[in-house]
Structure formats: structure tokens, C-alpha cells
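Encoded as C-alpha cells, the structure appears first; notes follow it.
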């Protein structure tokens with residue numbers, strides 16, 4: 032994975048764990064996160080341009096039972112689109128950090144983007160509500176979330 036653990040504090044680099052993509056404005060660009068009963072809806076997140084390069088170790092998209100798909104990518108300042116993760120068939124039970132085989136570098140000036148699709152219909156066999164009801168943001172698994180956690184570092188982190 033190209034990470035090295037050192038006993039000497041002078042050469043150690045800090046690693047940050049937290050979400051970069053959240054479920055409120057301005058990062059959630061087409062919110063608020065509200066999924067009406069009997070509808071399938073799509074939301075987008077956007078962060079950037081980022082002020083310095085990010086070195087990604089792991090990524091963890093987070094949705095609950097109405098989640099249908101989640102993908103995250105970044106776009107470079109030159110307009111190239113680079114995928115970071117694509118989960119076309121979301122499964123709440125697979126909720127975990129996905130670790131890259133090698134550190135993924137997101138260059139300075141890039142914009143991180145994502146798309147989350149939610150299915151609040153009776154066709155969604157994971158829907159906890161029968162019949163479907165309106166669902167919004169909340170901490171319970173019967174509520175919904177649209178977050179993406181990252182484990183990363185920058186060259187300037189201590």
C-alpha cells in the first residue's frame with residue numbers, strides 16, 4: 032500500500048479520517064436530502080476545487096436502506112474525470128472502508144463529485160417501510176444519509 036509506519040515522530044505524517052462529502056449545502060448541490068414515498072431520486076455532492084493535493088488511502092460511501100447506487104469521482108482542472116468508487120447496486124450490509132491497493136492522488140485544483148440514487152418504492156426489497164413513507168436525513172437506519180468518509184493525508188499535514 033506504500034505506507035510506512037515509523038517510530039520516529041519527526042518523519043511521521045498525520046492521517047485524517049472524516050467525511051469530505053456531506054449531506055448539506057454547499058456540498059450537497061441539489062438538496063435537501065428528502066426522498067418522497069414511491070419515488071426514486073438522485074442527489075449530487077461537489078467539493079472543490081481543492082486547495083492542495085489529497086492522498087487517499089481509503090473511501091467509505093455511506094447510505095442506509097433506500098440507497099440504490101453511489102459513485103464518487105474527481106474532475107481535474109483540465110476536465111479529465113477519474114473514478115474513485117462505483118457501487119452500482121448498493122447494499123447496506125457492505126458498509127465499510129474500501130482501501131486502495133496504492134495511494135490514490137487527487138491533484139490540487141481538482142473537484143470531487145458524487146452521485147447517490149435512492150429508491151423509496153415498494154420495488155426496493157430493502158425498504159424498511161411498507162408502504163413507503165417520506166424519508167429525510169436522520170441518524171436511524173430508517174432515516175437516510177448521504178456521506179462519504181475518507182482516510183487521507185496531505186503533504187502539509189502534521
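Numbering (the numbering used here), first residue to last: 32 to 189.
Glycine is no exception: its CB is placed at the ideal position from the N, C-alpha and C atoms.
Since we're looking at a predicted model, the values are computed, not measured.
How far does the beta strand (DSSP E) with residue i in it extend, from its first residue to its last?
i: residue 117; result: 112 to 118
i: residue 70; result: 70 to 78
i: residue 93; result: 85 to 93
i: residue 182; result: 178 to 184
i: residue 150; result: 142 to 151
From the DSSP output, in three-state form, read off residue i for me.
i: residue 125; result: helix
i: residue 157; result: coil
i: residue 55; result: coil
i: residue 62; result: coil
Verify whether the separation of the beta carbon atoms of residue i and residue j is less than 7 angstroms.
i: residue 102; j: residue 146; result: yes
i: residue 183; j: residue 87; result: yes
i: residue 94; j: residue 50; result: no
i: residue 54; j: residue 168; result: yes
i: residue 58; j: residue 166; result: no
i: residue 104; j: residue 118; result: no
i: residue 151; j: residue 83; result: no
i: residue 142; j: residue 45; result: no
With burial defined as no fewer than 16 other Cβ atoms inside 10 Å of the residue's Cβ, what is the status of residue i: buried or exposed?
i: residue 47; result: exposed
Could you round the C-beta distance between residue i and residue j to whole angstroms and report it? I think they count as a contact, below 8 angstroms.
i: residue 76; j: residue 171; result: Not a contact, Cβ separation roughly 22 angstroms.
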